[in-house]
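Residue numbers (this note's numbering), protein chains in the order written: chain A, 1 to 420; chain B, 1001 to 1336; chain C, 2001 to 2354. For glycine and all other residues, C-beta sits at the position ideal for the given N, C-alpha and C.
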Amino acid sequence: MKNTLRNVFHSPRFLVGFIIFMVMVLTVLIYPWFVRRDPLVSLGKGFLEPGTYVSVYDANNTGTYRVELPEAAEKRLEATLPTEDRQTMIDYLKAMGVDVSGLDTSNEKMEDLLAAWNANYDEADAKKNKYEGFATQAKRNALRRIDNKIKGSNNDVAMSVVRGEGDDATVTTVEGSDYVKVNEVANSVTLPLGTDNFGRDTLTELVKATGVSLIIGLIAGTIATLLGLLVGLLAGYLGGIVDDILMFIANIFTVIPGFVLLILIYYSVGQEARGVTTCAIVIGVTSWVWTARSVRSQVISLRNRDHVNLSKLSGHSLFRIVTTDILPYIASYVVMAFILQVSSGILAEAQLSLLGLGPKTTDVPTLGLMMNWAKLFGAYTSSNAWWAYFPVILVIALTSFSLNLMNTGLDQVFNPTLRD
Amino acid sequence: MAKKILEVHELTTKYITRQGEDVYSVDHVSLDIEEGKSLGIAGESGCGKSTLALSLMGYYFAPLHYTSGEIIIDGKNISGMDPDVVRKTVLGTEVAYIPQAAMNAMNPTRKVGKFIEDVIFAHELKMTKEEIREMAEQRFAKLGLPVDALDKYSVELSGGMRQRVVIAISTILSPKVLIADEPSSALDVTSQKMVIKMMKDMLNTGMVKSMIFITHELPLLYNVTDDIMVMYAGQIVERGTAHEMVFDPIHPYSRGLMRSILVPEEGTRDVKLTAIPGTPPNLKHPPAGCRFADRCRYANPSCKVITPPLLDIGGGRTYRCSLPVEQLKEVYASED
Amino acid sequence: MILPEAGHGRFSVERGHSTMTKGMRKYFKKKIFWFVITLIAAVILNFILPRLMPGDPVNAIVGKNISPNATQEQIQEQIAFYKHQFGLDKDLFGQFWDFIKNVFNGTFGVSYSQYPRTVADIIGGGIWWTIALQLPAILVGWLLGNLLGALAAYKRSFYDKALMPVSLFFSAIPAFGAAVILLVVFAVNLKWAPVNGAYTTGMIPSFSWNFISSVIAHYQLPFWSIVIISIGGQAVGMRSMSIYELNADYVKYARFLGIKDKKIVRYVFRNAMLPQVTGLAMSIGAMVGGALVAETIFSYPGLGMSMYNAITTSDYPVISATTLIITIMVLLASFLLDIIYAFIDPRVKAAQFD
């Protein structure tokens, strides 16, 4: 046993898979200690991109520091003038007849662009000449807006913040060189993975969902393995009619696609009972077949071995024979089967939830549910909110992958012919 | 003096383990066989007899590697030949091999007849399918095998039948040397007899010019082969005629082997049964001196230091021990 | 002397032209038996399970369609009417009979949520779209996967060491994952392929080149996502099988008889493929499941979409019908594969001694 364990942990594939898996499990367990936020609290309306969000209001209340960043002015302009605006400027200048050959929307050319603009743009002039493509009022308003932006981002002009009303109103001036230390700002939040469509912190949600999905996988895997083990043992060892009946049942479960059964059973279970545990149980109850078959074939090859016959002749009870003579030999297969069942359990839950058949719950997110929300709320069709679904897919794939890798490693340990 | 069909001089081959270590499973082995004769090779599991068989084919694949020595079949030196040449001109035509557990030796999804075609075509002999079929049928008939076996799959034949078919296929090109590795170990007694009879017939009718029969069942060789050779830890420890080896072994190991086997043969019923204690040495690091010394009852301290060479005491009899023949025989006589 | 071996006429090759032997016939009988039984069981399950769920769909429909001023009497009338429509006023056996009848004349009754559209109407076209998509996709994936696995097993080099974990990773990506990623990368961002549907919306199905090219364009993404998923799993399995076969005794023996490696390789892969065919028969259920989910991602108008819509609107007759159809399709496919297997594995012909 010790030797087997040593071999197992020396197998590179097993080790890698194990490490990946453990990292995930540990993250799930440790993360809540650091981030105490409730995963289902809504932080905003709709998708927010990953990043750090600082309250502007609180920033104004925080003590300021004077910092002179060398490229502050340029950065300000670059931020204020997006590509579309710059393109508009170039188009207008071109319409005016100005040579725009050396100009483009890049940051390097910003200075030249501004110089050309300041030299040529005049509001009255635009109104009078109605240059091609800029004849409408709307277009001219756009130009004016751009011009104001440019003027407004001038370093020398300060902003005023008004608090209160009327006579009690106080005015604070904010200079371009006023900076606040982000940590000192009362309210800021870092969202490495942004928010989902409900405005919930995706990362926290993801961690929680991984935990839930893992639990579902574990429960489903355990049920499926136990069931499979039981059926396999009985069918393999007892043979005869018992075998025929059990295999008939197994065949039905094989051929009828698992998830069809899942859907049907799930539906008949009813609305109220669709919690996490129900989901896990249902998955477990529909996916035991593979394990049963595997165990059965092993048991069949074992039951005619000498040590088993010896026990039979010695009059040992069925129970004792099975537990002492047969189980130890199939232990390795059972372990591998268990890992596979957990992996497929997690996948099954994800698929179910995606279809809307998963745990009908607003209390806990699962990996599949997050995918479902992403789908329903157009995370990949209308908004390009990759953070709402791509990390989920990655996590699912990694979980499955690490478990399968562990399995391959175990396979190599137990079947030496497969070793490289 | 009959022609020597097979001559092997100081053949050494090694296995290279995954850790890169060398294991010399066949260590400077020399032997020869005359035309029309058969040689049995006996020894414990792991003594190198199967490896020797593989090595004699001249066709090596990893992890088995040829190191040194010569193999001459009917005057042709095949050692060190290019593998592709060996494949086309040696395998099956000069020397043929019958594997252990021939049960599974054939592709389960190919009919016997088709398989024979594959073998013939692989040697690039210009024969048509009809010619091949005819030859196969004749061969089978000659060897007492039913012709319709050619149309069956190996799974459809009984164990004994399968073994005989495999032997027939191996010899279909009438090789000079036939090497059989435990051809009858997995069979029931009746099938064993049929297989052995078939092989002897092949030798007697000249279908094969010589035969090497490998087994761990020493007494079996008594009725089958002319000479017997005993191997231990990669080396030959004794050789003599079948009768000599069974009833009058010289080397302590050969003697130990004979006495540890229950044999209902005439003259051996009064012999006491003993086992040889201990296990063979690890060939990764072969011990100095005589390799059998650790388990030998008659060893003295010098045995573990001096490596005894293979001594020829005339009449084709050889043995490898530092103790003189007379001394050994005396000790044996006192024990019986 | 030629020894007469057993010749119970096992080989009809001598008798006549039929390639069917007693062994095969036994095999077929067994398979057909299982097929029929499983079919019956599937139908029964498909009937019972949805009906076990609590809640009364009739009330839901009546609630939707009734006007606010209706009297209690009128409501009752409505309920009775719908109950009769759906045959819910009969007892369980009566309902089962209806169900069977519906199955056979292909009507499947009427949809609940899209009343009064019939179920057949809703699903009808979907079946063909699904078959057209999944059948080739699964087959191609299976073939490519096996090829890849065989290659990896043959060239046991660095190539293999790197490829194995990679294909393992790909097989770990869930079906919908691949679908979503392909959708986002190729359809939304690169705009190489259309985002949804089987053909441009508004087009009327016809045999015009316009329509067909549109179909082909829409076909690409769902097709390739299913293929990618199938490859990974098959490759890993085939590699293991091939390695196992490559170490078999007959390989060594064939070598010693002088047979070229190339020919031996052909033997090996042919033998390794056989269990893969069986494996396909077994896993086709799961593959279809994954493929259906992929359909929903692409809004591909196949069975997957019908089912998804039915689920979201709790339309039980449609759900029941789709699951039944899917089950039957998978059963048929599995059965066909079993039959094909009998023809390609010569051991089947011989295995059943009488």
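Where residue i meets chain A, residues with beta-carbon distance less than 7 Å
i                       : result
residue 2180 of chain C : 380, 389 and 393
residue 2172 of chain C : 397, 400, 401 and 404
residue 2308 of chain C : 355
Host beta strand (DSSP E) of residue i (start-end)
i                       : result
residue 1070 of chain B : 1064–1073
residue 1173 of chain B : Premise fails: residue 1173 of chain B is in no beta strand (DSSP E) and is neither H nor E.
residue 1082 of chain B : Segment: none, residue 1082 of chain B is in no beta strand (DSSP E) and carries neither H nor E.
residue 1337 of chain B : Past the edges of chain B, shown from 1001 to 1336, lies residue 1337 of chain B, and the structure says nothing about it.
residue 1041 of chain B : 1038–1042
residue 2335 of chain C : Premise fails: residue 2335 of chain C lies in the alpha helix (DSSP H), 2316–2344, not in any beta strand (DSSP E).
residue 1096 of chain B : 1095–1098
residue 1034 of chain B : 1022–1034
Neighbour-count burial assignment, residue i, 16 or more Cβ in a 10 Å radius
i                       : result
residue 1284 of chain B : exposed
residue 57 of chain A   : exposed
residue 2353 of chain C : Since pLDDT at residue 2353 of chain C reaches only 35, below the 50 mark, its modelled position is unreliable, and no value is offered.
residue 1320 of chain B : buried
residue 1309 of chain B : exposed
residue 1179 of chain B : buried
residue 409 of chain A  : buried
residue 2218 of chain C : buried
residue 1210 of chain B : buried
residue 2210 of chain C : exposed
residue 2146 of chain C : buried
residue 22 of chain A   : exposed
residue 2081 of chain C : exposed
residue 2327 of chain C : buried
residue 1251 of chain B : buried
residue 1049 of chain B : buried
Interface residues of chain A facing residue i [CB-CB closer than 9 Å]
i                       : result
residue 2296 of chain C : 354, 355 and 375
residue 2311 of chain C : 263, 267, 355, 356 and 357
residue 2165 of chain C : 13, 16, 401, 405 and 408
Alpha helix (DSSP H) segment containing residue i, residue limits
i                       : result
residue 73 of chain A   : 72–80
residue 2276 of chain C : 2261–2298
residue 108 of chain A  : Counting along the chain, residue 108 of chain A falls outside any alpha helix (DSSP H), and DSSP gives it neither H nor E.
residue 1004 of chain B : Not the alpha helix (DSSP H): residue 1004 of chain B falls in the beta strand (DSSP E), residues 1004–1016.
residue 2255 of chain C : 2249–2256
residue 2235 of chain C : 2209–2246
residue 1253 of chain B : 1252–1259
residue 2130 of chain C : 2119–2154
residue 327 of chain A  : 327–355
residue 233 of chain A  : 202–238
Short CB-CB distance (under 8 Å) between residue i and chain D
i                      : result
residue 340 of chain A : As a matter of chain content, chain D is missing from the structure shown, whose protein chains are A, B and C.
Proximal chain C residues relative to residue i, where beta-carbon distance stays under 9 Å
i                       : result
residue 1328 of chain B : Near residue 1328 of chain B there are no residues of chain C at all, since even the closest Cβ is about 39 Å away, more than 9 Å.
residue 371 of chain A  : 2174, 2176, 2177 and 2180
Within chain B, the residues that residue i reaches when beta carbons sit closer than 8 Å
i                       : result
residue 2161 of chain C : Those within 8 Å of residue 2161 of chain C in chain B number zero; the least Cβ separation is about 15 Å.
Under 7 Å from the C-beta of residue i: neighbouring residues of chain C
i                       : result
residue 260 of chain A  : 2323, 2326 and 2327
residue 1081 of chain B : Within 7 Å Cβ-Cβ: nothing; residue 1081 of chain B doesn't reach chain C, min ~13 Å.
Proximal residues of chain C, C-beta to C-beta of residue i below 8 Å
i                       : result
residue 351 of chain A  : 2174, 2175, 2176, 2289, 2290 and 2293
residue 1123 of chain B : 2258
Chain-ordered chain B contacts of residue i [CB-CB under 7 Å]
i                       : result
residue 2343 of chain C : Simply none; closest approach about 12 Å.
Task: Selection of the stretch 2260–2285 of chain C by Cβ proximity to chain B, strictly under 8 Å - done: 2260, 2263, 2267, 2270, 2271 and 2274
- [ ] For the stretch 1098–1110 of chain B and the stretch 1162–1173 of chain B, state whether three or more C-beta atom pairs, one from each stretch, are separated by less than 8 Å.
- [x] yes
TODO: Check whether the stretch 41–59 of chain A touches the stretch 183–196 of chain A, taking contact to mean three or more Cβ pairs, one atom from each stretch, closer than 8 Å.
DONE: yes
TODO: Give, in chain order, every residue of the stretch 21–35 of chain A whose Cβ lies closer than 7 Å to some Cβ of chain C.
DONE: none
Open item on the list: Measuring CB atoms only, is the stretch 1145–1161 of chain B touching the stretch 2293–2305 of chain C, in the sense that at least three cross pairs come out at less than 8 Å?
Closed with: no
Open item on the list: Short of 8 Å Cβ to Cβ, which residues in the stretch 1161–1190 of chain B face chain C?
Closed with: 1161, 1166, 1169 and 1170
Open item on the list: So if I threshold CB-CB distances at 7 Å, which residues from the stretch 1084–1097 of chain B count as touching chain C?
Closed with: 1087, 1088, 1091, 1092 and 1097
TODO: State whether the stretch 347–356 of chain A contacts the stretch 364–379 of chain A, with contact taken as three or more CB pairs (one from each stretch) at a distance under 8 Å.
DONE: yes
Open item on the list: I'd like to know if the stretch 2226–2242 of chain C and the stretch 1074–1086 of chain B are in contact, where contact means that at least 3 CB-CB pairs between them fall below 8 Å.
Closed with: no
Open item on the list: Would the stretch 2322–2340 of chain C count as touching the stretch 2164–2181 of chain C if we require 3 or more Cβ pairs under 8 Å?
Closed with: no
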